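The next block holds one structure in the form of C-alpha cells; read it before the comments.
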Amino acid sequence: MRKSDYKVALIVPVYNEHETVETFVKTVFEKLEAEIEHIEIVFIDDGSKDDTVQIIENIQKEYGNISLIKLSRNFGKEAAMSAALDLVQADAIVPIDVDLQDPPELVLDFIKIWREEGVDNVFGIREDRSKDTNTKRVSSEGFYYVFNKLSGRVQIPSNVGDFRLIDRKIIDILKTLKERNRFMKALYAWPGFTSKGVGYMRPERVAGTTKWNYWKLWNFALDGIFAFSSLPLRVWSYLGGFIGVLSLIYMFWNLIKTLVLGNSTPGYTTLICVILFLGAVQLIGIGVLGEYMGRLTEEVKGRPVYVASKITGPLSKQLPKGMSNTSVGISYNEETKK
Ligand code: UDP
Ligand code: MG
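Adding 595 to a residue's 1-based position in the sequence shown gives its number in our numbering.
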C-alpha cells in the first residue's frame, strides 16, 4: 500500500439504482483501494423509489468507508452533487456515476496528475461516442458550440461530463456560489485554476437504464445557456434596431414611390408577411424574457437547493449534529449517537 496524506472522496449521486450499486462498490474497491490509502465513497440518494437506500445501508455494514447522504426527495443530479460538495470534507472530490460509465481506474490517472503536476481540475474526456446515436452526438456537439459561443469567459470543453477530480480550493470556491440553477459542468470551470483533460472510452451502462430523455436534455441545455449567458436576452434590442432601420428604409421608399407614381391599393401580401414576421419575432423575444424571468423567480425565492434528511457513515461524524444550514442546502444529521 502506498503511503499518502491526502483523502479522496468519490461522490456518487444515485436515483433508482438498485441494480448497479453493489457492482459499483465492488469494482471501485477492487481497482482503487490498494492504490489509494484514504479513499471514501459518499452516495447521495436522490429520492430513490426502489430499495437503493437499503442496499447501500447493507453495504455500509461491510465497509467502513462508505457514507450516505439521503435527500428528502428527488432534487436532480446537480442538486445531489451540490449536497456532496457542501458536506464532504476530503482534499479532493471525484463526482462519478454509479453505472460504471465513468471507469473507476481513471481516478488513478486523475490523482497522479493532481499530485504530481499540481493540476486542480482534472477532467475525463469521452473520446469514443460511437455507442451514442447520431442525434445525441450532433445535438451534444451543437450544445457545446452554442454554449461556448454565448458564455464568453467560462468555456467548457466538449465531451466532458461531471467525471473529474477537483481540488479542495475549487470546492471551497464552489461553496460560495449560491445560485439555485446549478449547471455543474460549467460551475466546475468557473473558479478557474489549472485544468487538464484525460481521454477515455465511455462504456455502456453496466445495468439499469438511463434517467435522461431528449426533453430533459433540452431543458438541461437551456438551463446551462441561460445561467451562463445574457446574450439571448440582449440580442432583441439589436434585432429590434436592425428591423427598425429596415422599416425606415422601406417607409421612405414607399413614400417616394407613392409621391412619384401615385397611390395604388395592392400591398396585402407585404402587409401580412410583415405582420406575421414581426408577431413571431416578438413572441420569441417574450419567450426568452419568460425563460429568464422564470429562472429569476427561482433565484429570488432562494429556496434551498437540496434537503438532506439523513446522513450515515463516517461523514456523519464529521458534521454538526441536528439540523444545519449548509452553503446552499439544509441537512439533518441525527447519526452521531453511535
Ligand atoms: N441521477 C440522479 N438523479 C436524477 C437522475 C440521475 O442522482 O434525477 C444519477 C444516476 O443515478 C447516475 C447519474 O446520475 O448515477 C447519471 O445518470 P444516468 O446514467 O441516467 O445518465 P447518463 O449516463 O445516461 O447521462
Ligand atoms: Mg449513465
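Heads up, the beta-carbon is just placed ideally off N, CA and C, and yes, glycines get one too. Computed from a prediction, not measured in an experiment: that's the story for all the values here.
- Message: Taking only three categories from DSSP, how would you classify GLU635?
- Response: strand
- Please go through the same chain and pick out, in chain order, the residues whose beta-carbon is closer than 6 Å to the beta-carbon of SER922, but skip the five residues on each side of it. ASP681 and LYS770.
- Message: Assuming contact is defined by CB atoms lying nearer than 8 Å, are PHE758 and ILE691 in contact in what I supplied?
- Response: yes
- Message: Any beta carbon of chain B sitting closer than 8 Å to that of THR728?
- Response: You won't find chain B in this structure, because it holds only one protein chain.
- Contact shell at 6 Å, judged by CB to any heavy atom of the ligand MG, ordered along the chain: ASP692, ASP694, GLN696, ARG800 and THR805
- Message: By alpha-carbon positions, which one of SER753, THR804, ASN808 and ASN814 ends up nearest to GLY794?
- Response: SER753
- Query: Is it true that the segment 775-794 meets the segment 857-866, where meeting means three or more beta-carbon pairs spaced less than 8 Å apart?
  - Reply: no
- Message: From the DSSP secondary-structure annotation, give me the bridge partner or partners of ALA903.
- Response: LEU666 and SER926
- Task: Grab me the residues of GLY917's own chain with a C-beta within less than 8 Å of its C-beta, minus the 5 sequence neighbours each way, in chain order.
- Result: TYR927, ASN928 and GLU929
- Query: Among residues of its own chain, excluding the 5 on either side of ILE654, which ones have a beta-carbon nearer than 8 Å to its beta-carbon?
  - Reply: VAL616, GLU617, VAL620 and ILE661
- Beta-carbon proximity list for PHE778, same chain, < 6 Å, skipping 5 on both sides: Once the five neighbours on either side are set aside, the close Cβ partners of PHE778 are ASP818, GLY819 and ALA822.
- Message: Rounding to the nearest angstrom, what Cα-Cα distance links GLY719 and GLY756 in this structure?
- Response: 7 Å
- Closer than 7 Å: LYS916 CB and nearest the ligand UDP heavy atom: no
- Classify ALA629 as buried or exposed, calling it buried when 16 or more other Cβ atoms lie within 10 Å of its own Cβ. exposed
- Message: Distance check for GLY874 and ASP723, CA to CA, integer angstroms please.
- Response: 44 Å
- Query: What residues match up with TYR610 in a beta bridge as DSSP calls it?
  - Reply: In DSSP, TYR610 forms no bridge with anything.
- Applying the criterion that 16 or more other CB atoms from any shown protein chain within 10 Å of the CB defines a buried residue, is ILE708 buried or exposed? buried
- VAL895 versus THR864: straight-line alpha-carbon distance, rounded: 46 Å
- Message: Suppose only complete runs of 4+ residues qualify. What are the alpha helix (DSSP H) ranges in the segment 730-771, listed by chain order?
- Response: 763-769
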